[in-house]
Amino acid sequence: MTGSDRREDIVRRIQESGRPVPAKSLAALYHVSRQVIVQDVALIRAAGYEIISTNRGYILGTAPSVSRVLKVKHTDDQLEEELCAIVDLGGAVENVMVNHRVYGHLEADLHITSRRRVAEFISDIKSGKSSPLKNITSGYHYHRITADSEETLDMIEEDLRKRGFLVEPKEDEREGHDETEYTLLH
1 MTGSDRREDI VRRIQESGRP VPAKSLAALY HVSRQVIVQD VALIRAAGYE
51 IISTNRGYIL GTAPSVSRVL KVKHTDDQLE EELCAIVDLG GAVENVMVNH
101 RVYGHLEADL HITSRRRVAE FISDIKSGKS SPLKNITSGY HYHRITADSE
151 ETLDMIEEDL RKRGFLVEPK EDEREGHDET EYTLLH
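The sequence shown runs 1 to 186 under the UniProt record's numbering.
Below, the structure written as structure tokens:
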């Protein structure tokens with residue numbers, strides 16, 4: 001195996017691992033010294049990969065992402081459908097935001113990235129721990145959604161539009177006349 005092949009394989013192993021990958025384990029796997037692995041990681045970083053050294057091993061940094069804030073509205077019964085539509089297309093629902101006429105801007109982190117996380121969130125809501133934040137604003141709310149590309153965000157936005165969840169901004173919101181709405185949209 002060449003050094004280049006080994007470095008490609010190291011990146012693959014770190015990407016696919018669910019936990020930090022120790023340099024000692026990589027060295028044993030490739031029958032090289034730990035120092036060779038440290039040098040390989042330096043070359044991998046120089047090639048543009050964000051590899052982070054932890055006390056338990058190497059992990060891959062977060063992938064570059066783009067985000068968009070979308071205004072949506074749906075019923076409680078459609079909550080799971082909305083979240084699954086987003087994660088199924090490769091998006092992550094980072095938060096939920098509402099603009100209440102009395103309380104002002106309220107925001108809660110969600111970090112929903114998979115159907116498993118959707119199921120956990122829905123389970124928490126159904127357990128009676130709380131109700132969706134959207135319920136204090138007649139169902140209207142915003143999500144900051146992250147994805148790997150603008151194209152993915154476009155697909156998510158189009159899918160939410162087709163499902164009837166997307167609230168199209170009013171003309172005055174696009175031009176910035178409604179400052180509360182405008183700051184969330186941009």
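Where a beta carbon is used, it is the ideal one built from N, C-alpha and C, also for glycine.
Along the alpha helix (DSSP H) that carries Ile14, what are the first and last residues, could you check? Note, Ile14: alpha helix (DSSP H), Gly3 to Glu16.
So what does DSSP say about Asn95, is it helix, strand or coil? Strand at Asn95.
Under the three-state DSSP convention, the category Leu89 falls into: coil
Between the segment 133 to 150 and the segment 87 to 95, do at least 3 Cβ pairs fall closer than 8 Å? yes
Please classify Lys134 as buried or exposed, where buried requires at least 16 neighbouring CB atoms within 10 angstroms. buried
Can you list the alpha helix (DSSP H) stretches of 4 or more residues lying completely in the segment 115 to 169, in chain order? Listed in chain order, the complete alpha helix (DSSP H) runs (minimum 4 residues) inside the segment 115 to 169 are 115 to 126 and 150 to 162.
What residue range does the beta strand (DSSP E) around Ser67 cover? Counting along the chain, the beta strand (DSSP E) containing Ser67 begins and ends at Val66 to Lys73.
Skipping 5 residues on each side, what residues in its chain have a beta carbon closer than 7 Å to that of Ile112? Leu83, Val87, Ala92, Val93, Val118 and Phe121
Element boundaries [alpha helix (DSSP H), containing Tyr30]: Ala23 to Tyr30
Over the uninterrupted beta strand (DSSP E) stretch that includes Ala47, give me the two end residues. First-last for Ala47: undefined, no H or E at that position.
By Cβ distance, which residues of its chain are closer than 8 Å to Ser33, with the 5 residues on each side in sequence left out? Ala27
Inter-residue Cα distance where the pair is Glu171 and Leu70: Here the model assigns Glu171 a pLDDT of 45, short of 50, so the residue's position is not dependable, and the following value carries that caveat. Cα to Cα, the separation comes out at about 15 Å.
Which value, in whole angstroms, describes the spacing of the CA atoms of Thr152 and Leu89? 7 Å
Checking the sheet assignment: what are the DSSP bridge partners for Ile37? DSSP lists no partner for Ile37.
By the DSSP assignment, the beta strand (DSSP E) with Gly61 in it spans what residues? Element bounds for Gly61: n/a, residue is neither H nor E.
Start and end residues, beta strand (DSSP E) containing Asp109: Gly104 to Ile112
Excluding the five sequence neighbours on either side, which residues of its own chain have a C-beta within less than 7 Å of the C-beta of Thr54, listed in chain order? Pro20
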